[in-house]
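FYI, the numbering for the sequence shown is 1 to 119, going by full-length UniProt numbering. Glycine is no exception: its CB is placed at the ideal position from the N, C-alpha and C atoms.
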Amino acid sequence: MTAPAASPSVPMYSRVGDLVFAGGHLPRRPDGTVPEDFADQIRLVLEKLGRTLEEAGSGLDRLVKVNVYLADIDRLPEFNAVYYEVLDGLPLPPRTSVEVARFRDASLLEVEAIARTNL
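Structure follows, in structure tokens:
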């Protein structure tokens, strides 16, 4: 399924002191399509989040809080399996996981985070 790309005028993060607040990341590719496989959606979201944090002077290894929004909370074990695989060996931050009513496209999750900068 294809969705409109995010507006380039909307930043994906803001910095306050030594903290980075990363906005919600959806599993949309640059062309607006969404992978059908849930595990692929999770990996894509975490890759995008990692790139955003790096751009902000941080990284997945500097996470201090993660919020996960799932279309189906019963899929949390699937999310956890990929999440722990991607963050293997990194400090695990506190996390909140909640079910939401729906997304506007085939997305099954959205992830936002707070991280410390490397500075």
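For residue i, which residues in the same chain have their Cβ closer than 8 Å to its Cβ, ignoring the five residues on either side in sequence?
i: Ala71; result: Glu99, Val100, Arg102, Phe103, Ser107, Leu108, Leu109
Do the CB positions of residue i and residue j come within less than 8 Å of each other?
i: Leu53; j: Leu60; result: yes
i: Arg62; j: Ala115; result: yes
Apart from the five residues on each side of it in sequence, which residues of its chain come closer than 6 Å, Cβ to Cβ, to residue i?
i: Val86; result: Leu46
i: Arg95; result: Val66
i: Ile73; result: Glu99
i: Met1; result: Legend: pLDDT at Met1 = 42, less than 50; position of this residue unreliable, no value from coordinates given.
i: Pro93; result: Leu63, Val64, Lys65, Val66
To which residues of the same chain is residue i closer than 7 Å at the C-beta, ignoring the five residues directly before and after it?
i: Gly23; result: Met12, Tyr13, Glu112
Between the Cα of residue i and the Cα atoms of the options, which residue gives the shortest distance?
i: Ala39; options: Gly32, Arg75, Asp31; result: Arg75
i: Gly50; options: Pro77, Ala81, Leu26, Glu36; result: Leu26
i: Tyr69; options: Pro77, Ser97, Val10; result: Ser97
i: Asp37; options: Ala56, Arg15, Gly17, Val82; result: Val82
i: Asn118; options: Ser58, Pro30, Arg29, Phe21; result: Ser58
### Whole runs of the beta strand (DSSP E) within the segment 24-79, excluding any shorter than 3 residues
63-70
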